[in-house]
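Novice: So the sequence shown is numbered by the working numbering: it starts at 679 and just counts up by one.
All C-beta atoms in this analysis are idealised placements derived from N, C-alpha and C, irrespective of residue type, glycine included.
Computed from a predicted model, the values in this text were never measured in an experiment.
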Amino acid sequence: MRPCAINGMAVGGGAPPRLMGVINCSPESFFSGSFVPCRSIRERALSMIDEGADLIDIGARSTAPGSAPIPVKEEIERITTALTELDGSGITVSVDTMHAGVLEACLRHDVHVLNDIGGLHDPAITSCAAAAGLPVIAMAAERRPGDARGTEATLAALRHVGIRAAEAGIKHLILDPAVGRWTEERTFEDDWDLCRSFPRFSELGYPVILAISRKSFIGDLIGRPAADRLAGTLALTARLLPHADMVRAHDVAATRDAIFVIRKCTEM
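1) Quick one: is threonine 804 buried, meaning 16 or more other Cβ sit within 10 Å of its Cβ, or exposed?
2) On the premise that alanine 802 lies in contact with alanine 778, defined as a C-beta separation below 8 Å, what is that separation, rounded to the nearest angstrom?
3) Determine the DSSP secondary structure at serine 875, reduced to helix, strand or coil.
4) In terms of residue numbering, what span does the alpha helix (DSSP H) encompassing glycine 737 cover?
5) Using a threshold of 9 Å, state whether the C-beta atoms of aspartate 732 and threonine 775 are closer than that.
6) Nearest to leucine 798 by alpha carbon, out of Gly847, Gly690, Thr759 and Gly692?
7) Taking the straight line between their C-alpha atoms, what separation do you get for aspartate 800 and glycine 711?
8) Thinking C-beta only, is histidine 790 closer than 9 Å to threonine 762?
9) With three or more C-beta pairs closer than 8 Å as the rule, is the stretch 680-692 touching the stretch 878-890?
10) At which residue ranges does the stretch 902-935 contain complete alpha helix (DSSP H) runs of 4 or more residues, listed in the order of the chain?
11) In its own chain, which residues sit with a C-beta less than 6 Å from the C-beta of proline 877, not counting the 5 before and 5 after it?
12) Look at the alpha carbon of alanine 723 and the alpha carbon of serine 772, and state the distance between them as a whole number of angstroms.
13) Helix, strand or coil: which one does DSSP assign to cysteine 716?
14) When the Cα atoms are used, what is the spatial distance from glutamate 945 to methionine 924?
15) Is it buried or exposed, alanine 810, if we count other Cβ atoms within 10 angstroms and call 16 or more buried?
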C-alpha cells in the first residue's frame with residue numbers, strides 16, 4: 679500500500695483506522711444533527727477530538743440529490759468563517775469541496791487535507807492541492823460525483839483517480855468508493871453491492887475511507903430517517919472496518935467505542 683500521511687498522522691499501511699468527525703456549515707444537510715452554527719464550530723470540533731476523532735471534516739454545502747446548489751461565493755463565506763474559528767486550535771482539518779476557488783480561500787487557514795467528491799476531475803482543484811502539498815481524499819467519479827454504478831465501474835473510476843493524482847504530483851491519496859445515493863440513478867442495491875465488495879477497493883494500493891454514516895441506503899433497509907440510523911450505521915461499520923483505513927462519522931463517541939470493540943475482538 680502506498681503510504682499516506684495527514685499532518686504527520688499515518689493512514690493505512692498498518693496504522694490503526696483513523697476517525698474523521700463530520701461538521702457541516704450547511705443547514706441544508708441531509709442530517710440536521712451534523713449542522714453546526716459558526717459560533718459553535720470550535721466547541722464542537724474540540725468536543726469531537728476529546729471523543730476520539732483524529733481529524734475534522736468541514737463542509738459548507740449539501741451534495742444530496744435534489745438539494746439546491748449554492749453559489750461558490752456563499753460556500754467560500756461559510757467555510758472560511760468556520761475555518762477562522764479553528765485557526766490555531768491544533769486540530770487536523772479536512773475541507774470538503776470540489777471547487778478550486780473554495781480550496782484556494784481555505785488555504786489561507788489551517789487546513790491539512792482536501793476531501794474532493796469530484797474525484798480530481800477538475801484540473802484546477804487538482805493542481806491547487808498538488809501545489810499546496812495537500813493530501814487528498816478523492817471519491818469515485820466518472821463524470822459526476824458518485825455516478826459509477828456497480829463494483830467494477832467504481833474500481834475503474836478509482837483507478838482513474840489514482841492516475842490523475844499521480845500525474846498531478848499528489849503524493850498522499852485516500853480513495854472513497856462513493857457509497858451513497860449521489861445521483862438519482864443510483865439505487866439501494868447499488869450501495870449494498872459496494873458494501874459487499876468493500877474489501878476489493880484496497881486492492882488498488884491506496885488507503886480507503888469508509889463513509890457510510892447515516893446514509894439513505896441504511897435508512898431504506900431499516901425504515902428509519904437519518905436521525906434514527908445510528909444503530910444501522912454502527913452495524914455496517916463493524917462489518918466493513920477490517921477493510922477501511924479511515925471512518926467518516928457524524929457520531930464520534932459511539933463510532934470510537936465501536937472501533938475499539940471491533941479491533942479488540944479481531945486481535946490475534
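Specialist: Reading off the structure:
1) buried
2) 4 Å
3) coil
4) Looking at the DSSP string, glycine 737 is not in any alpha helix (DSSP H); the run it does join, the beta strand (DSSP E), is 733-737.
5) no
6) Gly847
7) 31 Å
8) no
9) yes
10) 908-918
11) His921
12) 12 Å
13) helix
14) 18 Å
15) exposed
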